[in-house]
Amino acid sequence: MIRHILSRLLTVPITLLLVALVAFVILRLTGDPVEIYLDINATEEQRQLLTAKLHLDEPVLVQFGLFLGEVLRGDFGESLQFGGPAMPVVLERLGATLQLVAAALTLAVVLGVIGGIVAALRKDRFADFAISGLAVAGQSMPSFWLGILLIQLFALHLKWLPTSGTGGLEHLVLPTVTLATFLLPNFILITRTAVLETINELYVTTARAKGAGEAVVVLRHVLPNAINPVLSFLGLQTGRLMGGSIITEAIFAWPGVGSLMVKSIFQRDVPIVIAAIFVVAVAIVIANLIVDLLQSAVDPRIRLD
Amino acid sequence: MATRRSGPRFGHRIKIGLGAAIVLGAVLMAILAPLLAPHDPYRQDLLARLQPPVWAEQGAWKHPLGTDNYGRDLLSRLIYGSRLSIMVGVSAALLSAVLGSVLGMLAGYKGGWLQQVIMRFADAHLAFPEILLAILIVAAVGGSALNLILVLGVSGWMVYARVMYNLTRAVRERPFIEAAVSHGASDAYILARHVFPQLVPVLTVVCTLQVAQMILQETALSFLGLGLPPPTATWGNMLAEGRDRLWVAPWIANFAGLAIILVVWGINMLGNGLREHLDPKAKERR
Amino acid sequence: MALLEVEGLRTVFPSQEGEVSAVEGASFSLSEGEVLGLVGESGSGKSVTAFSLMRLVQAPGRIAAGSVRFEGRDLLSLDEREMRKLRGRRMSMIFQEPLSSLNPVWTVGQQVMEPMLLHGGVTRREARERALAMLARVGIADAARRFNDYPHQLSGGLRQRVMIALALVCEPKLLIADEPTSALDVTIQAQILELLRDLQRELGMAILMITHDLGVVAEIADRVNVMYAGRIVESAPVETLFRAPAHPYSAGLLQSVPDMGEERERLPTIRGIVPRPGEMPPGCAFAPRCPYADAACTVAPPPVHTLTDDHAAACVRPLGAHG
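Protein chains in written order, with the working numbering: chain A, 37 to 341; chain B, 229 to 514; chain C, 1340 to 1662.
Here's what the structure looks like:
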């Protein structure tokens, strides 16, 4: 168990190193930082001073090393828009993103698992065709359009919910539903498959032979065994979820990391963008670790080997 | 026990037929855009701004689907928009197919450290949001059709790499590979002439489904304003423009959304139909 | 009165050619405390018979005809709730593969406690104590320590002991054992059979022992039914069957049993294989493989010849009769 966790922990620095590399390359691709920081009337002397200050006169590898050092210290440079260190600005927005992601994840997991179980238990009957059909159709649904449709229906026509922004719980509903649909169709289909694969196992028959009813059989015998592939899938999808939150935040003007990142791209506020990437990457890595721990919690074969 | 089969035997044919019809229609629309579009998609007519579609009260046949904020004909923009989405989607899917297949086949065939490096990298990349990478690169180098293809193509490689890797490992064990090796064939020759043909059916399915994903990503990038810059007629741009005018002209966003979902749905259906055609058990697993 | 009476049981599965019978008109009975062997090759319908008795035939299979009387009640007419009250409490079942028949994410103790908790009447503490006692009774030495282990941490023999413990913890009157020793090493097989025999005497329960292995039957059963292609072709006390089998199929099975202690092979001396359901010959299902078959055997299914009070065979010319 401990070795398992340690080996997983080892992938964390590797992943973050890759992210740092990508971020560094992008940083260099965005053009000469000197041009961005200084205005056109800057003197040659000012240019050289800044070049030295940003270590742009060093070899690329040294620059990358220095960049890594700054990243480790959490120093992503000064934001051009906000005029202060970039990281605190990003972290300030993290709460809103996490709130949205957590709500959407909960919704997707709950509905996905319930839908998948019902579809599996009613395999090849109407409920299965309806649920699986909707799920397959949902895979073709661009979530950004779904968000727009939801705004039209619930905000503009029915006036039940606000179109965008933050405030009370009612502001959370539409973004949550939109983001949840990034995952929901796949969750339904994966759960359905996992339940179908489990339900014919001999230990399920054992449970029935003990006199267990359908509810006990499904909830206590099938589900704990079927949940693992669902969790594996969840681990793979955390990235997709964070990506989806960027789009969802843009649709609903949700003040999270994603909308900050998109806005900063247009403002060419590179420090904010880089800091945001790292926050998202760390969030994904942590989410994957949590999924790993959950998996070993539900499956003693992982936990005890 | 007798084998069980449920559902109609021809289900996948319907899917392939319907999917292919939609895809063919979309492709024809893209190719014949100049002939089909009633107006120039970029001609502004500020006197005919935000006209509703023809079936609405103030609609007129001059603009069957209405006009946008600048009085541009929506039907024409929709038809021209298909060009970019389909071209970017197909090109990006093909590019990542080439990249991913070569790397996946190499990893599966050679094994060893090469496999470790390639597949570890694929796993790490798989965990990282592809749209995020695309956003960052487009933000850095700017949005053009070529950039979109390159970015989406590069960020989609690992899907193919994983599939091709697993298949290649299975194919490598077959006797005819050993026979070819004993005849002194080179690795490149064996991969190209013996391994690759075995993988083509699955590759076709994955590639078809990936085109749909790529179109979704392209429209998402456009929607965020990171695709082709605004005057260009793309479905994502139309959605983004429509989002700001939902109250006065909801049809702008909705027609673009309908176009996207129809094409993506058609491609998915075609891909799933092909998959079930190749592997009848796939329907069970979905 | 017999504990279990099965009359004309027919269990069918749908196939492309329509419904085919896996069990075709099986009739037999089992007295209290009796051990009945049900012998046949794989595909003979013996496992489907077992699942039919528990009413656990997996959809789309179903019981199409017949009656199953257990303790005087017709099981096939009970509603599912009443049937559930019997399963695990009055009648239990164990299977061939103990690893796959135990839930991998539950501890051994939880699984042994479950039947008691499902059927009520005990507190968790009582259930725990009885489960511990039962684990000790099936010969698990350090039951208290094993209680919190998971199935994958146990050896094959221990797993089957756990399976037996959870099947017998409510002290049922009937245990249906579906090839309980086939997946185990020969030495472990003997231990498990001995354990089953001991527990059967202690608890006074009846056992329906389903096996392809006549050696198992010889060790544990009082009577034996031989099953072929969904039908019971011969029924006799164990000694009678071993001494003077009446059905050519039973005779063939006996010839293929190696000496005890040797590695048992799967019935090599009868040529051919069991016909698949749906491809049954019109007459006796065994006729195509039978060394004594003639034209009379291919006309209609053979009638049941009663040879003595407790010996019957479904054969046109039972072996004892024509010498």
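The beta-carbon is built from N, C-alpha and C at its ideal position, and this holds for glycine as well.
How would you label residue i, buried or exposed, when you count the other beta carbons within 10 angstroms and need 16 or more for buried?
| i | result |
| --- | --- |
| residue 404 of chain B | exposed |
| residue 124 of chain A | exposed |
| residue 460 of chain B | buried |
| residue 1649 of chain C | exposed |
| residue 1342 of chain C | buried |
| residue 1630 of chain C | exposed |
| residue 445 of chain B | buried |
| residue 109 of chain A | exposed |
| residue 414 of chain B | exposed |
| residue 457 of chain B | exposed |
| residue 1645 of chain C | exposed |
| residue 1512 of chain C | buried |
| residue 1638 of chain C | exposed |
Output the boundary residues of the beta strand (DSSP E) element that contains residue i.
| i | result |
| --- | --- |
| residue 1434 of chain C | That residue, residue 1434 of chain C, is in no beta strand (DSSP E); it is neither H nor E in DSSP. |
| residue 1576 of chain C | 1570–1576 |
| residue 1644 of chain C | 1643–1647 |
| residue 505 of chain B | No beta strand (DSSP E) holds residue 505 of chain B; the alpha helix (DSSP H) holding it covers 478–506. |
| residue 1566 of chain C | 1562–1567 |
| residue 1548 of chain C | 1545–1550 |
| residue 1322 of chain C | Here chain C comprises residues numbered 1340 to 1662, so residue 1322 of chain C is not present and cannot be evaluated. |
Could you give the distance in angstroms between the alpha-carbon of residue i and the alpha-carbon of residue j?
| i | j | result |
| --- | --- | --- |
| residue 1654 of chain C | residue 1572 of chain C | 7 Å |
| residue 300 of chain B | residue 313 of chain B | 19 Å |
| residue 380 of chain B | residue 1361 of chain C | 55 Å |
| residue 1641 of chain C | residue 1454 of chain C | 43 Å |
| residue 55 of chain A | residue 1527 of chain C | 56 Å |
| residue 1578 of chain C | residue 1411 of chain C | 29 Å |
| residue 1420 of chain C | residue 249 of chain A | 8 Å |
| residue 1616 of chain C | residue 1587 of chain C | 21 Å |
| residue 1604 of chain C | residue 430 of chain B | Bear in mind that a pLDDT of 48 at residue 1604 of chain C, under 50, signals an unreliable position, so the model cannot answer this. |
| residue 1352 of chain C | residue 241 of chain A | 18 Å |
| residue 1600 of chain C | residue 1345 of chain C | Its pLDDT being 47, under 50, residue 1600 of chain C is placed unreliably in this model, and the value from its coordinates should be taken loosely. Approximately 34 Å between the Cα atoms of the pair. |
| residue 1517 of chain C | residue 1386 of chain C | 7 Å |
| residue 293 of chain A | residue 481 of chain B | 25 Å |
| residue 1553 of chain C | residue 1378 of chain C | 7 Å |
| residue 1434 of chain C | residue 330 of chain A | 31 Å |
| residue 101 of chain A | residue 345 of chain B | 22 Å |
| residue 1534 of chain C | residue 1398 of chain C | 34 Å |
| residue 1439 of chain C | residue 348 of chain B | 33 Å |
| residue 359 of chain B | residue 306 of chain B | 24 Å |
| residue 1423 of chain C | residue 233 of chain A | 24 Å |
At what residues does the alpha helix (DSSP H) containing residue i begin and finish?
| i | result |
| --- | --- |
| residue 190 of chain A | No alpha helix (DSSP H) contains residue 190 of chain A, which DSSP labels as neither H nor E. |
| residue 134 of chain A | 122–157 |
| residue 1352 of chain C | Here residue 1352 of chain C belongs to no alpha helix (DSSP H); instead the beta strand (DSSP E) covers 1343–1354. |
| residue 1363 of chain C | Per DSSP, residue 1363 of chain C belongs to no alpha helix (DSSP H); it is in the beta strand (DSSP E), 1357–1369. |
| residue 169 of chain A | 162–175 |
| residue 281 of chain A | 259–288 |
Candidates the options: which alpha carbon is nearest residue i's?
| i | options | result |
| --- | --- | --- |
| residue 98 of chain A | A:247, A:60, A:149 and A:308 | A:60 |
| residue 261 of chain A | A:288, A:290, A:229 and A:247 | A:229 |
| residue 1350 of chain C | C:1517, C:1659, C:1645 and C:1391 | C:1391 |
| residue 335 of chain B | B:367, B:275 and B:423 | B:423 |
| residue 1539 of chain C | C:1575, C:1375 and C:1461 | C:1375 |
| residue 321 of chain B | B:274, B:280, B:366 and B:389 | B:389 |
| residue 1625 of chain C | C:1569, C:1493, C:1408 and C:1447 | C:1569 |
| residue 1590 of chain C | C:1495, C:1407 and C:1659 | C:1659 |
| residue 1443 of chain C | A:170, A:48 and A:243 | A:243 |
| residue 253 of chain A | A:239, A:137 and A:270 | A:239 |
| residue 455 of chain B | B:345, B:310, B:497 and B:376 | B:376 |
| residue 318 of chain B | B:497, B:492 and B:353 | B:492 |
| residue 440 of chain B | B:421, B:382, B:315 and B:364 | B:315 |
| residue 1614 of chain C | C:1388, C:1384 and C:1647 | C:1384 |
Since residue i and residue j should fall inside the 8 Å C-beta cutoff, what is the C-beta to C-beta distance between them, to a whole number of angstroms?
| i | j | result |
| --- | --- | --- |
| residue 1427 of chain C | residue 251 of chain A | Actually they do not touch by this definition, with Cβ atoms about 16 Å apart. |
| residue 1502 of chain C | residue 1372 of chain C | About 22 Å separates the two Cβ atoms, so there is no contact after all. |
| residue 1525 of chain C | residue 1500 of chain C | Wrong, their Cβ atoms sit about 17 Å apart, outside the cutoff. |
| residue 282 of chain A | residue 298 of chain A | 7 Å |
| residue 1505 of chain C | residue 1461 of chain C | Contact flag wrong, Cβ pair sits at about 14 Å. |
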